[in-house]
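A.B. asks:
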Amino acid sequence: MEQEVILSLENIHKSFDGQKALCGIDLTIYKGEFLTLLGPSGCGKTTTLRIIAGLESPDEGRVILGGTDVTDWEPNKRGVNTVFQSYALFPHMNVENNIAYGLKLRKVPKEEIKKQVEEMLELVQLPGFGERMPSQLSGGQRQRVAIARAIVNKPSVLLLDEPLGALDLQLRRQMQVELKRLQQKLGITFVYITHDQEEALNMSDRIGIMNQGKILQLGTPEEIYEHPKSRFAAQFIGQSNILKATVTGRDAAGNLTLSFGGGTILASGQGEPGEKVTLSLRTERVRYGREPRQGFTLSGQVKNNHYSGGMMRTVLTLPTGEELLVSGMGDGIEGRLPAGTQVHIGWDPACAVIVERGWPDEAE
Amino acid sequence: MRKKRTFLPETYVVLMLLLMYLPIFVVVAYSFNDTKLFHWAGFTFSWYQKLFHNQTIINAFFNSLKLAVLSSGLAAILGTMGAVGMAGRTFFGKGALEGLSTVPIMIPEIILGMAYLSFFSLLQVPFGMLTLVAAHTTFCVPYIFINVKASLQSLDPALGEAALDLGASRRRVFFDITAPLIFPSILSGSLLAFAMSMDDVVISFFVTGPETATLPLQVYSMLKMGVTPEINALCTVMLGTVFLLVAGARLFQSARKAKKGR
Chain F
1 MEQEVILSLE NIHKSFDGQK ALCGIDLTIY KGEFLTLLGP SGCGKTTTLR IIAGLESPDE
61 GRVILGGTDV TDWEPNKRGV NTVFQSYALF PHMNVENNIA YGLKLRKVPK EEIKKQVEEM
121 LELVQLPGFG ERMPSQLSGG QRQRVAIARA IVNKPSVLLL DEPLGALDLQ LRRQMQVELK
181 RLQQKLGITF VYITHDQEEA LNMSDRIGIM NQGKILQLGT PEEIYEHPKS RFAAQFIGQS
241 NILKATVTGR DAAGNLTLSF GGGTILASGQ GEPGEKVTLS LRTERVRYGR EPRQGFTLSG
301 QVKNNHYSGG MMRTVLTLPT GEELLVSGMG DGIEGRLPAG TQVHIGWDPA CAVIVERGWP
361 DEAE
Chain S
1 MRKKRTFLPE TYVVLMLLLM YLPIFVVVAY SFNDTKLFHW AGFTFSWYQK LFHNQTIINA
61 FFNSLKLAVL SSGLAAILGT MGAVGMAGRT FFGKGALEGL STVPIMIPEI ILGMAYLSFF
121 SLLQVPFGML TLVAAHTTFC VPYIFINVKA SLQSLDPALG EAALDLGASR RRVFFDITAP
181 LIFPSILSGS LLAFAMSMDD VVISFFVTGP ETATLPLQVY SMLKMGVTPE INALCTVMLG
241 TVFLLVAGAR LFQSARKAKK GR
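Chains as they are written, first to last, in the UniProt record's numbering: chain F, 1 to 364; chain S, 1 to 262.
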């Protein structure tokens, strides 16, 4: 795949009042891609975005935009625009003037501005809203105006800081689809910030998982979900069982064999016999049933079932006292087995992924 | 269960308003009384006629107006500059500096008046409009400073950042975004300052010159001869103006709110 780099961050460090906010961010963003920075609040994702926008300057490191070092440029000189979390619509200007603001600053002729504003309103599905004041709009409409105000300037990169955070669930889903449609239609590079994993998985071409000022893992949604490289990534996205196991060797099929939960389990990855490793196992990948099947190497009993709409969650107890959380419907879960039922448990070895060498501290 | 109806709350309100407005009502009534004495002798406009032909009072009124416009205007510029300069910045002693900028409101006027008097004497500035404007501007600044500071603090910093992000220079951000948004607070601060300057007696008393009696000073000196119905008429005119201004401001505000919608 031929990809042109539009933006790169090189070893960005930033502290606020001696508190490290970013510790060495390296990130390459390609033209036209939808990249999401995903992480809990305080992980540094907003700071990263503000450094790209030029609203903060890094203590160390460079920001390269379209091949030019813009680290020391004022935000008004960079060809990037931001959609702020609070929308930041100018309350004293109507929708039309809000959207036109960037164009006016660049001295675009009046008729041209009018035409482009009209087009933008059409694009964000708010035709005829030009005269309204921001206070007369609903949250979703403000959101659209904020997006229109940014993309009318045809930025090389559009930065979006949790743009859907203030909307209710239904509207958020609808806007996710719309944002993705806009991004594909316009071909603008999106750098998107969210703490909502579902949003990230739905919309992104690539996701960067951030925690404590670092990017822990960067990859496609599938890579991030199926092959988390850290315990944090495994637990932050989706639901995982974190297993503390010890490598025993390899089976005939080349899978890693480990001792865990009073039996032998299979996983993918590398390991020396006797080595302690931490595994992540997605809850929906666990299979169990009354009868043993191919690859069912553990046994245990059903502790309890939780029904939650489209999902059934079951807790299984292993002979050694460990518990496995299982989620899913139909396939693999043979109806609802009552608590206390003795079951056989297994999974596709590819689904158990080593996320850490050694075991996490007991204290954690 | 029905609650027993009590009229106590209404009584409180009526009592409060009565206490507040009874003396004022008396002044208004006497301004239309056809005698200089305290009994009611019939309705007349003659005191108003006399008032509007009293050149001393008219001069004093224009002195006061000029003084209030100049000093609240100058204070608006100084106070806004101070508040904008301090906003969004952190430096050692900022809190102390902000405190110092507002303390003059709490200093007794008599002390301020004496301070201005000795300061201007020391500099040998002739007493008159210049010293009045200087003194009034000084005590007006805090009203604007406090108002604008509060309004700047409630301003979403993302607004300025958004303008910057859209390509505005820092100067454009101030004139396009910050200034229009803090304008109402500059206006309300200035109106307050205007009112303060308009009715100031104590400070003006210390720094006025022979030619520049302000309206409150004029009223004060006329009172030494006794309360004349002419003064009552003057008070009534001023009261009427104040009520009109307040009502106008209210209407303006509710119209703005209605325009903002929902």
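Positions of the beta carbon are idealized from the N, C-alpha and C atoms, including for glycine.
What does Arg287 (chain F) touch in chain S if you count any residue whose Cβ is under 7 Å from its own?
C.D. replies: What you label residue 287 (chain F) is simply residue 287 of the first sequence in a count that begins at 1. None at all; the shortest Cβ gap to chain S is about 49 Å.
A.B. asks: Check whether the Cβ of Pro75 (chain F) lies closer than 8 Å to any Cβ atom in chain S.
C.D. replies: Numbered from its first residue, the first sequence carries residue 75 (chain F) at position 75. It does; some Cβ of chain S falls within 8 Å.
A.B. asks: Assuming Asp205 (chain F) contacts Leu35 (chain F) under a Cβ cut-off of 8 Å, what Cβ separation, rounded to an integer in Å, is found between them?
C.D. replies: Within the first sequence, the letter at position 205 stands for residue 205 (chain F). Within the first sequence, the letter at position 35 stands for residue 35 (chain F). Right, their Cβ atoms sit about 7 Å apart.
A.B. asks: Give every residue of the same chain whose Cβ lies closer than 6 Å to the Cβ of Gly209 (chain S), excluding the five residues on either side of it in the sequence, and list them in chain order.
C.D. replies: Here residue 209 (chain S) refers to the residue found at position 209 when the second sequence is read from its first residue. So the list reads Phe127, Gly128, once near-sequence residues are dropped.
A.B. asks: Would you call the region 56–68 of chain F in contact with the region 217–237 of chain F, where contact means no fewer than 3 C-beta pairs closer than 8 Å?
C.D. replies: Too few Cβ pairs lie closer than 8 Å, so no.
A.B. asks: So, with DSSP's three-state summary, where would you put Gln143 (chain F)?
C.D. replies: The residue labelled residue 143 (chain F) in the question sits at position 143 within the first sequence. Helix, per DSSP.
A.B. asks: When you compare only the Cα positions, how much space is there between Arg106 (chain F) and Cys235 (chain S)?
C.D. replies: For the purposes of this step, residue 106 (chain F) is taken as the residue at position 106 of the first sequence. For the purposes of this step, residue 235 (chain S) is taken as the residue at position 235 of the second sequence. Rounded to the nearest angstrom, the two C-alpha atoms are 56 Å apart.
A.B. asks: Count the other C-beta atoms from every protein chain shown that fall within 10 angstroms of the C-beta of Lys115 (chain F), then say buried if there are 16 or more, exposed otherwise.
C.D. replies: The residue given as residue 115 (chain F) occupies position 115 in the first sequence. It is exposed - the Cβ of Lys115 (chain F) has fewer than 16 other Cβ atoms within 10 Å.
A.B. asks: Should Thr82 (chain F) be flagged as near chain S, meaning a C-beta pair shorter than 8 Å?
C.D. replies: Here residue 82 (chain F) refers to the residue found at position 82 when the first sequence is read from its first residue. Interface residue, yes.
A.B. asks: Measure from the C-beta of Arg172 (chain S) to each C-beta in chain F and report whether the shortest distance is under 8 Å.
C.D. replies: On the second sequence, residue 172 (chain S) is found 172 positions in, with the first residue counted as 1. Yes, Arg172 (chain S) counts as interfacial toward chain F.
A.B. asks: From the DSSP output, in three-state form, read off Asp176 (chain S) for me.
C.D. replies: Sequence index remark: in the second sequence, residue 176 (chain S) carries index 176 (1-based). Three-state result, Asp176 (chain S): helix.
A.B. asks: Going by beta carbon distance, what residues of the same chain come within less than 6 Å of Leu74 (chain S), once the five residues before and after it are set aside?
C.D. replies: Mapped onto the second sequence, residue 74 (chain S) falls at position 74. Hits under 6 Å: Thr137.
A.B. asks: Is any beta-carbon of chain S found at less than 8 Å from that of Arg231 (chain F)?
C.D. replies: On the first sequence, position 231 is the one that residue 231 (chain F) refers to. Output row for Arg231 (chain F): interface = no.
A.B. asks: How many Å lie between Asn202 (chain F) and Asn147 (chain S) at the Cα?
C.D. replies: To locate residue 202 (chain F), count along the first sequence from 1; it is residue 202. To locate residue 147 (chain S), count along the second sequence from 1; it is residue 147. So the two alpha carbons sit approximately 47 Å from each other.
A.B. asks: With H, G and I counted as helix, E and B as strand and the rest as coil, what does DSSP make of Asp331 (chain F)?
C.D. replies: The residue you call residue 331 (chain F) lines up with position 331 of the first sequence. Because the pLDDT at Asp331 (chain F) is just 47, under 50, the model does not fix this residue reliably, and the value given afterwards should be weighed accordingly. Of the three classes helix, strand and coil, the one that applies to Asp331 (chain F) here is coil, per DSSP.
A.B. asks: Which same chain residues end up closer than 6 Å to residue 442 (chain F) when comparing Cβ atoms and leaving out the 5 residues on each side of it in sequence?
C.D. replies: As shown, chain F starts at 1 and ends at 364. That puts residue 442 (chain F) outside it, with no answer to give.
A.B. asks: What residues from chain S crowd round Ala88 (chain F), counting only those whose CB sits closer than 8 Å?
C.D. replies: The sequence position of residue 88 (chain F) within the first sequence is 88, counting from 1. Result: Asp156, Ala158, Leu159, Glu161, Ala162.
A.B. asks: In three-state DSSP terms, what is Gln197 (chain F)?
C.D. replies: What you label residue 197 (chain F) is simply residue 197 of the first sequence in a count that begins at 1. In this structure, Gln197 (chain F) counts as helix in the three-state DSSP scheme.
A.B. asks: Tell me the DSSP secondary structure of Gln294 (chain F) in three-state form.
C.D. replies: As a working note, residue 294 (chain F) is residue 294 in the first sequence. Correct three-state label for Gln294 (chain F): coil.
A.B. asks: Kindly list the residues whose CB is nearer than 6 Å to the CB of Asn255 (chain F), restricted to its own chain and excluding five residues on each side of it in sequence; keep chain order.
C.D. replies: For the purposes of this step, residue 255 (chain F) is taken as residue 255 along the first sequence, with counting starting at 1. Counting only Cβ-Cβ distances below 6 Å, and skipping sequence neighbours, we find Leu266, Pro349.
A.B. asks: Identify, in the order they occur along the chain, each residue of the same chain with its Cβ nearer than 7 Å to the Cβ of Gly140 (chain F), setting aside the five sequence neighbours on each side.
C.D. replies: For this step, residue 140 (chain F) is matched to residue 140 along the first sequence. Excluding residues within five positions, the ones whose Cβ falls inside 7 Å are Leu167, Leu171, Met175.
A.B. asks: Flag this pair as yes or no: are the beta carbons of Pro163 (chain F) and Gly79 (chain F) separated by less than 8 Å?
C.D. replies: Walking along the first sequence from the start, residue 163 (chain F) turns up at place 163. Walking along the first sequence from the start, residue 79 (chain F) turns up at place 79. Cβ atoms of Pro163 (chain F) and Gly79 (chain F): not closer than 8 Å.
A.B. asks: If we ignore side chains and look at the alpha-carbon of each, how far apart do Leu152 (chain S) and Leu100 (chain S) end up?
C.D. replies: Counting from 1 along the second sequence, the entry for residue 152 (chain S) is found at position 152. Counting from 1 along the second sequence, the entry for residue 100 (chain S) is found at position 100. Cα to Cα, the separation comes out at about 19 Å.
A.B. asks: Using a Cβ-Cβ distance under 8 Å, would Ser169 (chain S) count as near chain F?
C.D. replies: Residue 169 (chain S) sits at position 169 when you count from the first residue of the second sequence. It does; some Cβ of chain F falls within 8 Å.
A.B. asks: For Thr320 (chain F), collect the residues of the same chain with a Cβ closer than 7 Å to its Cβ; drop the 5 residues on either side in sequence, then sort them by chain order.
C.D. replies: Position 320 of the first sequence, counted from the start, is the residue given in the question as residue 320 (chain F). Gly261, Gly262, listed in sequence order.
A.B. asks: Taking only runs of the alpha helix (DSSP H) that begin and end inside the region 180–259 of chain F, which ones reach a length of at least 4 residues, in chain order?
C.D. replies: Counting only runs of 4 or more, we get 197–203, 221–226, 231–236.
A.B. asks: Count the other CB atoms within 10 Å of the CB of Gly18 (chain F); is the residue buried (16 or more) or exposed (fewer)?
C.D. replies: Residue mapping note: residue 18 (chain F) aligns to position 18 of the first sequence, counting from 1. Its Cβ having fewer than 16 others within 10 Å, Gly18 (chain F) is exposed.
A.B. asks: Could you check what DSSP says for Asn97 (chain F) in three-state terms: helix, strand or coil?
C.D. replies: Locating residue 97 (chain F) in the first sequence gives position 97, where the first residue counts as 1. Asn97 (chain F): helix per DSSP, three-state reduction.
A.B. asks: Less than 8 Å between the CB atoms is what I'm expecting for Met133 (chain F) and Asn94 (chain F), so what's the real figure, rounded?
C.D. replies: Position 133 of the first sequence, counted from the first residue, corresponds to residue 133 (chain F). Position 94 of the first sequence, counted from the first residue, corresponds to residue 94 (chain F). Contact holds; Cβ gap of about 5 Å.
A.B. asks: Roughly how many angstroms lie between the CA atoms of Lys14 (chain F) and Glu323 (chain F), to the nearest whole one?
C.D. replies: In the first sequence, the residue the question calls residue 14 (chain F) occupies position 14. In the first sequence, the residue the question calls residue 323 (chain F) occupies position 323. The alpha-carbon atoms of Lys14 (chain F) and Glu323 (chain F) are separated by roughly 41 Å.
A.B. asks: Counting contacts by CB-CB distance shorter than 8 Å, is Leu17 (chain S) in contact with chain F?
C.D. replies: As a working mapping, residue 17 (chain S) is identified with position 17 in the second sequence. With 8 Å as the cut-off, Leu17 (chain S) does not count as an interface residue toward chain F.
A.B. asks: At 7 Å on the CB atoms, spell out the chain F contacts of Ile177 (chain S), in chain order.
C.D. replies: In the second sequence, counting from the first residue as 1, residue 177 (chain S) sits at position 177. Neighbours of Ile177 (chain S) on chain F, chain order: Phe90.
A.B. asks: How is the beta strand (DSSP E) around Tyr116 (chain S) delimited, first residue to last?
C.D. replies: Start at 1 with the first residue of the second sequence, and residue 116 (chain S) comes out as number 116. From DSSP, Tyr116 (chain S) is part of no beta strand (DSSP E) but of the alpha helix (DSSP H) over 109–123.
A.B. asks: Please tell me whether Leu67 (chain S) and Ser197 (chain S) are closer than 8 Å, where the distance is taken between their beta carbons.
C.D. replies: If you number the second sequence from 1, residue 67 (chain S) lands on position 67. If you number the second sequence from 1, residue 197 (chain S) lands on position 197. Going by C-beta atoms, Leu67 (chain S) is nearer than 8 Å to Ser197 (chain S).
A.B. asks: Can you list, in chain order, the residues of its chain whose CB lies under 8 Å from that of residue 400 (chain F), leaving out five sequence neighbours each side?
C.D. replies: Residue coverage of chain F in this structure runs from 1 to 364, which leaves residue 400 (chain F) outside it and unanswerable.
A.B. asks: Where does Ser185 (chain S) fall in DSSP's three states?
C.D. replies: Numbered from its first residue, the second sequence carries residue 185 (chain S) at position 185. In this structure, Ser185 (chain S) counts as helix in the three-state DSSP scheme.
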